[in-house]
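First the structure, in the form of structure tokens, and then the observations on it.
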């Protein structure tokens, strides 16, 4: 997770406006992917007039109150959309769950984390019997979960609790979650 300062937000809005003007994008979603340098500069690496994949629409709606999915559908139907939203106050993480190569069975531990409000949502991506490769690609994600917190310290705490308490099983009931890829995450 990265918290943008006011100047970075201003620059990102300027970038979005320039892209929209130059490509004559009037009313459509605009995905901007970039990298923030160690100096805090935003470098655009990809732009697309579409919704982002995965659960990005959901975190935007929860964080700002703006229904990006509705807005996108309205844009395709040439219907107006009210651009009303609140400044994002909460922190969100969407974490993908990967395993070592295996024949996947299930993810365990998420129900307790949901009950304790450590994670706010959990999604299964793969069914029993799915062959997971060693690539760590999007096709190998077996599940994902959402963490919501009011500050960065709470977010980091919930993240660590979730990683410690989640696991995945293969069809022989071996623990196969790739916990090593979640070490040294910088908050």
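In the numbering used here, the protein residues as written are 10 to 196. Here a beta-carbon is modelled for each residue, glycine too, at the ideal position from N, C-alpha and C.
CA nearest to the CA of residue i, picked from the options
i	options	result
residue 182	108, 172 and 170	108
residue 56	78, 191 and 37	37
residue 162	74, 101 and 91	101
residue 114	150, 44 and 137	137
residue 34	84, 14 and 49	84
residue 153	169, 128, 86 and 94	128
residue 17	27, 28, 45 and 40	45
residue 116	110, 125 and 106	106
residue 193	49, 169 and 47	169
residue 95	19, 175, 75 and 195	75
residue 131	144, 142, 49 and 104	104
residue 1	173, 179 and 180	Since the first and last residues shown for the chain are 10 and 196, residue 1 lies out of range.
residue 147	155, 156, 134 and 157	134
Those residues which DSSP pairs with residue i across a bridge
i	result
residue 132	153
residue 141	111
residue 179	113
residue 56	41
residue 259	This structure cannot settle anything about residue 259, because the visible part of the chain is limited to 10 through 196.
Beta strand (DSSP E) segment containing residue i, residue limits
i	result
residue 42	40 to 45
residue 105	100 to 106
Residue i, enclosing alpha helix (DSSP H) - first and last residue
i	result
residue 4	In the structure as shown, the chain begins at 10 and stops at 196. Residue 4 is therefore absent and cannot be evaluated.
residue 23	15 to 31
residue 48	Segment: none, residue 48 is in no alpha helix (DSSP H) and carries neither H nor E.
residue 69	65 to 73
residue 210	Look at the range of the chain in this structure, 10 to 196, and you will see that residue 210 is not part of it.
Residue i and residue j closer than 8 Å at C-beta
i	j	result
residue 140	residue 185	no
residue 43	residue 54	yes
residue 151	residue 177	yes
residue 61	residue 40	yes
Any non-hydrogen atom of the ligand HEM closer than 7 Å to residue i Cβ
i	result
residue 157	The ligand HEM is absent from the structure shown, which contains no ligand whatsoever.
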